[in-house]
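Engineer: Start counting the sequence shown at 130; every next residue gets the next number (this note's numbering).
All C-beta atoms, glycine included, are put in the ideal place defined by N, C-alpha and C.
In this text, all values refer to a predicted model and were calculated from it rather than measured experimentally.
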Amino acid sequence: MSTEAASTTLEIGGAERVALFLLSLDEAEAASVMKHLSEEIVADVAAAMTKLPPTATAPDRLAAVWSLLQEAAALPEPLRVPGREQLEQMLARTIGREQAERVLAMMEERRLAERPFADLEAEPPELIAQVLKRESTAVTALVLAHCSPALSSSVLSSFEPASALEVVRGMAVVSPPPFALLREIASELCVRAREVAQQPGKLDQSRRVRTIAEMLGTAKGGLEKTVLEGLRESNAEMAKEVQESMFTWDDLAKIDKRGMQKILGAINTTTLAMAIKGSTSAVEENVLGNMSSRARKMVAEERELAGAVPMVQVTAARNEILTSVRQMIESGEFKAGGGAEELVS
Numbered sequence: 130m131s132t133e134a135a136s137t138t139l140e141i142g143g144a145e146r147v148a149l150f151l152l153s154l155d156e157a158e159a160a161s162v163m164k165h166l167s168e169e170i171v172a173d174v175a176a177a178m179t180k181l182p183p184t185a186t187a188p189d190r191l192a193a194v195w196s197l198l199q200e201a202a203a204l205p206e207p208l209r210v211p212g213r214e215q216l217e218q219m220l221a222r223t224i225g226r227e228q229a230e231r232v233l234a235m236m237e238e239r240r241l242a243e244r245p246f247a248d249l250e251a252e253p254p255e256l257i258a259q260v261l262k263r264e265s266t267a268v269t270a271l272v273l274a275h276c277s278p279a280l281s282s283s284v285l286s287s288f289e290p291a292s293a294l295e296v297v298r299g300m301a302v303v304s305p306p307p308f309a310l311l312r313e314i315a316s317e318l319c320v321r322a323r324e325v326a327q328q329p330g331k332l333d334q335s336r337r338v339r340t341i342a343e344m345l346g347t348a349k350g351g352l353e354k355t356v357l358e359g360l361r362e363s364n365a366e367m368a369k370e371v372q373e374s375m376f377t378w379d380d381l382a383k384i385d386k387r388g389m390q391k392i393l394g395a396i397n398t399t400t401l402a403m404a405i406k407g408s409t410s411a412v413e414e415n416v417l418g419n420m421s422s423r424a425r426k427m428v429a430e431e432r433e434l435a436g437a438v439p440m441v442q443v444t445a446a447r448n449e450i451l452t453s454v455r456q457m458i459e460s461g462e463f464k465a466g467g468g469a470e471e472l473v474s
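#1: What first and last residue would you give for the alpha helix (DSSP H) that runs through residue 173?
#2: Which class does residue 406 belong to by DSSP, given the choice of helix, strand or coil?
#3: What would DSSP say about residue 422, mapped onto helix, strand or coil?
#4: Smallest Cα separation from residue 437: which of 403, 151 and 428?
#5: Specify whether the segment 229-236 and the segment 250-270 touch according to this definition: at least 3 beta carbon pairs, one from each stretch, less than 8 Å apart.
#6: Relative to the C-alpha of residue 321, which candidate in 373, 368 and 263 has its C-alpha closest?
#7: In the structure shown, what three-state DSSP assignment does residue 356 receive?
#8: Could you round the C-beta distance between residue 126 and residue 412 to whole angstroms and report it? I think they count as a contact, below 8 Å.
#9: Only counting the same chain, and skipping five residues up and downstream in sequence, which positions put a Cβ closer than 6 Å to that of residue 319?
#10: At what residues does the alpha helix (DSSP H) containing residue 254 begin and finish?
#11: Looking at the unbroken alpha helix (DSSP H) that takes in residue 436, where does it start and where does it end?
#12: Measuring only the C-alpha atoms, how far is residue 226 from residue 220?
#13: Below 8 Å on the Cβ atoms is my guess for residue 406 versus residue 432; work out the distance and round it to an integer in Å.
#14: In terms of residue numbering, what span does the alpha helix (DSSP H) encompassing residue 309 cover?
#15: If you follow the alpha helix (DSSP H) that residue 304 is part of, which residue opens it and which one closes it?
#16: Should residue 370 go down as buried or exposed, given a rule of 16 or more other Cβ atoms within 10 Å for buried?
#17: Ends of the alpha helix (DSSP H) at residue 143?
#18: Is the CB-CB distance between residue 389 and residue 416 below 8 Å?
#19: State yes or no: is the C-beta of residue 162 within less than 8 Å of the C-beta of residue 152?
#20: On the premise that residue 449 lies in contact with residue 400, defined as a C-beta separation below 8 Å, what is that separation, rounded to the nearest angstrom?
#21: Skipping 5 residues on each side, what residues in its chain have a beta carbon closer than 6 Å to that of residue 271?
#22: Relative to the C-alpha of residue 373, which candidate in 387, 357 and 362 has its C-alpha closest?
#23: Return helix, strand or coil for residue 364, following the three-state DSSP convention.
#24: Smallest Cα separation from residue 75: which of 365, 455 and 159?
#25: By Cβ distance below 7 Å, which residues in the same chain neighbour residue 274 in space, the five residues on each side in sequence not counted?
#26: If you count every other CB in all the chains shown that lies within 10 Å of the CB of residue 294, and 16 or more means buried, which is it?
#27: Going by CA-CA distance only, name the one from 292, 341, 149 and 396 that's closest to residue 367.
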């Protein structure tokens with residue numbers, strides 16, 4: 130076999146090599162081999178057969194294909210990593226059942242020493258977040274400090290920004306307790322995770338609030354006001370959260386012209402210039418697009434004059450505007466749901 134033939138054979142794809150190999154067999158042998166191939170592979174090989182150039186079936190090319198096939202057949206099968214049950218059976222046959230159990234216990238001890246929260250890490254990030262939200266910041270920081278960065282990030286994304294920041298600060302200075310205590314914490318958290326997982330349909334506070342807000346946002350008539358008033362009497366804090374969730378800053382992008390002009394009429398340009406910093410383009414376009422050219426110029430000047438400001442100042446300005454908007458919603462001047470559908474001009 131020439132070096133050139135071997136090199137050329139190596140360059141062609143797998144389907145072409147199989148096609149050459151099958152063409153080197155008689156029809157009965159080729160058919161017997163093809164019976165063991167999937168339909169997709171048979172289709173690829175058949176297509177390759179129709180595209181092979183005449184030179185492909187030269188004796189040295191066929192010899193190269195056979196040589197490659199022999200090398201592949203001589204390779205050992207890929208090793209399979211045994212599961213715990215297979216490993217236990219293998220060790221039991223080798224060193225006896227009792228000693229095998231001791232070895233496996235030592236392996237488990239070492240595994241937990243390296244990753245004390247390995248069993249908890251196997252749970253979905255959403256479930257881990259639910260469990261850790263009930264724990265102290267110190268415990269949450271301890272757990273996430275032992276998890277992979279990807280998992281820790283996914284879990285923290287479910288936390289409120291302020292809480293997530295506290296956890297990260299805790300992770301930066303965490304000092305692991307004795308191993309026995311780590312094991313105890315890990316064990317308790319796994320039990321709690323199973324308990325939480327067995328409570329189907331249980332919603333956390335934020336999801337309940339969003340559900341109520343969305344429902345009221347699409348309600349007809351005076352249901353929204355009636356429900357909020359009743360909720361204030363029984364749970365003022367939740368009523369406030371629901372009202373805040375019914376209209377957010379990004380919802381300003383969906384308010385129609387008449388509604389936006391009503392809002393803008395109650396806001397001074399200084400507050401607005403501060404509030405629109407860092408807004409999405411949709412919000413900024415809808416706000417500025419419903420202002421007179423003179424007012425837009427004033428906002429632009431005040432915004433530039435303010436320069437870079439802390440986010441806390443921007444948030445305060447937005448809250449001032451949102452408070453005004455929510456008062457309009459409550460009074461029935463326009464509806465938050467469905468893109469702020471206006472009821473009263």
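Structural biologist: Once the coordinates are examined:
#1: Taking the first residue of the sequence shown as position 1, residue 173 is located at position 44. Segment 168-180, the alpha helix (DSSP H) holding residue 173.
#2: In the sequence shown, counting from the first residue as 1, residue 406 sits at position 277. Correct three-state label for residue 406: coil.
#3: Working through the sequence shown from its first residue, we reach residue 422 at position 293. Correct three-state label for residue 422: helix.
#4: Position 308 of the sequence shown, counted from the start, is the residue given in the question as residue 437. Of the listed residues, the one whose Cα sits closest to residue 437 is 403.
#5: no
#6: Within the sequence shown, residue 321 is the residue found at index 192, counting from 1. Here the closest residue by C-alpha is 263.
#7: Taking the sequence shown and counting its residues from 1, one reaches residue 356 at position 227. In the structure shown, residue 356 sits in a helix (DSSP, three-state: H, G or I).
#8: The structure shown does not extend to residue 126, since the chain is modelled only from 130 through 474, so no value can be given for it.
#9: The residue you call residue 319 lines up with position 190 of the sequence shown. So the qualifying residues of the chain are 248 and 249.
#10: Along the sequence shown, one-based indexing puts residue 254 at 125. Run containing residue 254: 254-261, per the alpha helix (DSSP H) assignment.
#11: Residue 436 sits at position 307 when you count from the first residue of the sequence shown. That residue, residue 436, is in no alpha helix (DSSP H); it is neither H nor E in DSSP.
#12: Within the sequence shown, residue 226 is the residue found at index 97, counting from 1. Within the sequence shown, residue 220 is the residue found at index 91, counting from 1. When rounded, the distance between both Cα atoms is 7 Å.
#13: Residue 406 sits at position 277 when you count from the first residue of the sequence shown. Residue 432 sits at position 303 when you count from the first residue of the sequence shown. Going by Cβ atoms, the distance from residue 406 to residue 432 rounds to 7 Å, so yes, they are a contact pair.
#14: Here residue 309 refers to the residue found at position 180 when the sequence shown is read from its first residue. Taken as a continuous stretch (DSSP letters only), the alpha helix (DSSP H) holding residue 309 covers 308-326.
#15: Within the sequence shown, numbered from 1, the residue matching residue 304 stands at position 175. Note, residue 304: premise wrong, no alpha helix (DSSP H); not H, not E.
#16: Translated into the one-based positions of the sequence shown, residue 370 becomes position 241. Its Cβ being crowded by 16 or more others within 10 Å, residue 370 is buried.
#17: If you number the sequence shown from 1, residue 143 lands on position 14. Its alpha helix (DSSP H) spans residues 143-152.
#18: As a first step, residue 389 must be located in the sequence shown, where it is residue number 260. As a first step, residue 416 must be located in the sequence shown, where it is residue number 287. Taking 8 Å as the Cβ cut-off, residue 389 and residue 416 qualify as a contacting pair.
#19: What you label residue 162 is simply residue 33 of the sequence shown in a count that begins at 1. What you label residue 152 is simply residue 23 of the sequence shown in a count that begins at 1. Taking 8 Å as the Cβ cut-off, residue 162 and residue 152 do not qualify as a contacting pair.
#20: Position 271 of the sequence shown holds residue 400. Position 320 of the sequence shown holds residue 449. Yes, residue 400 and residue 449 are in contact; Cβ-Cβ is about 6 Å, under 8 Å.
#21: In the sequence shown, counting from the first residue as 1, residue 271 sits at position 142. These residues qualify, in order along the chain: 303.
#22: Taking the first residue of the sequence shown as position 1, residue 373 is located at position 244. It is 357 whose Cα lies nearest to the Cα of residue 373.
#23: On the sequence shown, position 235 is the one that residue 364 refers to. Three-state result, residue 364: coil.
#24: Residue 75 is absent from the model: the chain starts at 130 and stops at 474.
#25: If you number the sequence shown from 1, residue 274 lands on position 145. Cβ within range, chain order: 300 and 303.
#26: The residue labelled residue 294 in the question sits at position 165 within the sequence shown. Under this definition residue 294 is an exposed residue.
#27: As a working note, residue 367 is residue 238 in the sequence shown. Residue 341 is the option with its Cα nearest to residue 367.
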